[in-house]
Amino acid sequence: MTSDEKPGERDDERSLDSVDDARDSDTDRPQDPAPAEDAADPEPPADTGTMIAGLFGTPAQDDDEEDADDDREDGGAADPGQSAPPQTDSVRVIAEMFSGFRRRSATPERDLEEMLGTATQAIAIVPPPAPQEPPTVAGPLPIVAAADAAADADVTRASETDDDGPPPAEEDPVPADQQQPTAVKTAYVPRHDGNQTEQALAWLTAENVATGQTPVVGAPVALTQRRRRRWVGAILAPIFTAIVLAVVYVVAFAVWPLDNVAPTMSAKAPDTPVGPALDVPWPVEGQSAILVEGVDGIVTSAEEDTRLDPAPMASLTKVITVMTLLERQPLELGEDGPVYEFGYLDQQQADNLRFQNESALDVPIGGILSYRQLLEGILMGSAGNYANKLVDDLWEFDRNAYLGDAIAWLQDNGLEDTLVVDATGISPENQSTAEDMVRVAQIAMQHPVVAEIVAQEEVEMPGPGLVENSNPLMGENGIVGIKTGHLDEWNIVSYNLMTAKDIEFVDSEDPVRVYTVVMGQADRDLQASTTRDVLDAVTLALQPVDAVGEGTVIATVTTEWGGQTDVVVADTAELTLWSGEEAEIETDVDVDLGDAAGATVGTITVSGGLDSAEVDLITTEELPRPSLEWRLTHPLELLGLGA
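And the structure:
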């Protein structure tokens, strides 16, 4: 050993020579089968590390710089306590192979091919032959044989394990897209069969070097597990929820019904209309009364809180007689009724009445008159003899019986201040008041036969011929009847007039009927003129008045969001009110949100005893709906939970 040789290098050379000799001897003889389990334990093998190191030994380099370069290529400095192994190209290749397997490269086969310049191929796994006991070999086991024996033992154990259990059940075919990656085994294939160095590396397979790192064909291996970004959901979930709730809130309250925030109406009652006080030119002498159809109460010429005194009715008594006759023997409108014969004695009774200053009509001697004709003679010509004819016929000449029925009729109609002693009224004891007689006129005119008869100005009949209505006002505007009566004695002079008049108005379809009675006048002209004056005053008092003027505020409507409008009368309401009568006012208002200015929102009805008037109600301003901003900022009010 020269001074330049190092002890380690000499030992490595000897080891390499011994290994080459052993491999040559192993190659010449066949491989022995694997030893059985009961075989004797072989002797411990020689130091394989020294043997492997010897395989790649090379002559020592004399240049120290080359040793330094080898150290850098080997990945670091040698341990100072140990002698450095020889740095060869094979060692660097092994290091790179170990580095590739341990890094779990996604392309281990390609890396092996690039580093070693060799090819790898997939080898199908076939069941190994039955294990045989290898002969006992003394000495160290060659590296290749040991590797093959270990592989055979592993396959044997796997086969025994598979044979112990029952055969596996057939599995359903797996779709191609769901098939799992196929595990393969790799084997080192030398490029040159005679290269002993490459044969020594045959044990460096993927299964031996990287245990548990079986390559997976067709499936990429994730190097690191992707971390879920939970923070994204934690942030976006509340934001998305808030957006959804906001949209629901806006949509819900944008269309929420306004039942709980309906407009508030503050009614303003207008002044109650009152009819003007009646100013009537009452007669200086005698008495008078006025009754307006449809109005309660009767207006009289008596002083306040006093009653009229009864006075002679004269021929006004015949109206009571006719009503008693019709109750005894009714007559319908358009009928003539039974007929009555007249003779000489009937005409003599007519003459006697005239001698007593009583009105009478001639009779058709030997002729007949109908029931209706007799009633026309009594009411229009004031024929006393016709009244007595009917009373004697219907009550069989018992005039007291007639008086009893006449008084009963007065009592049935509440005429307490009237007294009847005969059918003609010729006696001054037939007395009544103007108040009672105006009610008699109203009752009589409600009978259609009486109303039709007294409305006639004249009539033609057998006996008297042409009979004119004794009412001096007949033919004047609106006069529809009824009867006259007078007494002209040396001690009593009383001219009485019972009148019915229909007062018409421009804006009214139905006229107003007025009844007046004037009693105790001095002559015919005065009774007529006094009656005209009273009727004129009544007509003037019954003219329509402005009950509710145009623009009168009936109510004010407000909303919680500041909207406001007044409800006013669209036009003046005219009404006929009688002598201080108070009208009744009814309003029907229904204001809806969104009503424009001038929209009709109801009606106002003003009613009196005579008529009524209905006028529309309108708004002065638009009543807007709530804005979206108000809706969104007042949810409690919309829900009815607000204060």
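Take the sequence shown: its position 504, counted from the start at 1, is 504 in UniProt numbering, and no numbers get skipped. The beta carbon of each residue, even a glycine, is placed where N, CA and C say it ideally should be.
Short of 6 Å from the beta carbon of VAL512, and not among the five residues preceding or following it, lie these beta carbons of its own chain, in chain order: ILE503, LEU542, LEU610.
DSSP, reduced to helix, strand and coil, places ILE239 within a helical segment of the structure shown. Counting the other CB atoms within 10 Å of its CB gives GLY642 a total below 16, which places it among the exposed residues. Within the region 319-357, the runs of alpha helix (DSSP H) at least 4 residues long that lie entirely inside it are, in chain order, 344-355. In the assembly as shown, LEU379 is a buried residue. Its beta-carbon has 16 or more other beta-carbons within 10 Å. Around the beta carbon of PRO283, 16 or more other beta carbons lie within 10 angstroms, which makes this residue buried. In the same chain as LEU638, and ignoring 5 residues on each side of it, the C-beta atoms closer than 7 Å to its own belong to PHE253, TRP256, ASN260, VAL261, ARG631, in chain order. The C-beta of ALA441 has 16 or more other C-beta atoms within 10 Å across all chains shown, which makes the residue buried.
Three or more Cβ pairs closer than 8 Å define a contact, and the region 354-361 falls short of that threshold against the region 291-299.
Here MET380 carries a helix assignment [DSSP, helix/strand/coil]. Only buried fits PRO464, as 16 or more other CB atoms lie within 10 angstroms of its CB.
Under the three-state reduction of DSSP output, LYS389 falls in the helix class.
For the pair ILE407 and LEU419, the Cα-to-Cα distance works out to about 7 Å. Following the DSSP letters along the chain, one finds GLU614 in no alpha helix (DSSP H) but inside the beta strand (DSSP E) bounded by residues 612-619. Using a Cβ-Cβ distance cut-off of 8 Å, the region 483-499 and the region 268-278 are not in contact, since fewer than three pairs of beta carbons, one from each stretch, lie closer than that value.
For GLN347 and ASP362, the gap between their C-alpha atoms comes out near 6 Å. The beta carbon of ALA528 sits closer than 6 Å to those of PRO472, all from its chain and outside the five residues before and after it, given in chain order.
Membership of ILE482 in the beta strand (DSSP E) is indicated by the continuous run 479-488. Only residues of its own chain outside the window of five on either side were considered, and among them PRO310, ALA311, PRO312, MET313, LEU419 have a CB closer than 7 Å to the CB of GLN431, listed in chain order. When the beta-carbon positions are compared, ARG439 and LEU415 come within less than 8 Å of each other.
Each of ASP533, VAL454, GLU574, VAL557 was checked against the Cα of LEU623, and the nearest Cα belongs to VAL557. In this structure, GLY485 sits near ASN496, with a CB-CB distance shorter than 8 Å. Put simply, of ALA597, GLY562, ALA596, SER607 the residue whose alpha carbon is nearest the alpha carbon of THR576 is SER607.
Under the 10 Å beta carbon count, ASN388 is surrounded by 16 or more other beta carbons and is classified as buried.
When C-alpha distances from VAL591 are compared across GLU614, GLY580, GLU621, the shortest belongs to GLU621. Leaving aside the five residues that flank MET474 on each side, the residues in its chain whose CB is nearer than 6 Å to its CB run, in chain order, GLU457. For ALA383 against ALA360, the beta-carbon gap comes to about 6 Å, under 8 Å, which counts as contact. Approximately 10 Å separates the beta-carbon atoms of LEU369 and LEU390; this is outside 8 Å, ruling out the contact.
Within the same chain, Cβ atoms closer than 6 Å to the Cβ of ASP588 are found at GLY602, THR603, the five residues on either side in sequence being excluded. Around the beta-carbon of ILE239, fewer than 16 other beta-carbon atoms lie within 10 Å, marking it exposed. Spatial neighbours of GLY549 in its own chain (CB-CB distance under 6 Å, excluding positions within 5 residues in sequence) are listed in chain order as THR572. Of all alpha-carbon atoms in ALA350, ASP336, LEU593, the one lying nearest the alpha-carbon of PHE342 is that of ALA350. For the pair GLU376 and MET445, the CB atoms are not nearer than the 8 Å cut-off. In this model, VAL280 and GLU582 are separated by some 20 Å (Cα to Cα). Taking C-alpha positions only, LEU325 is separated from ILE453 by approximately 15 Å. When only Cα atoms are considered, VAL251 and VAL568 end up about 37 Å apart.
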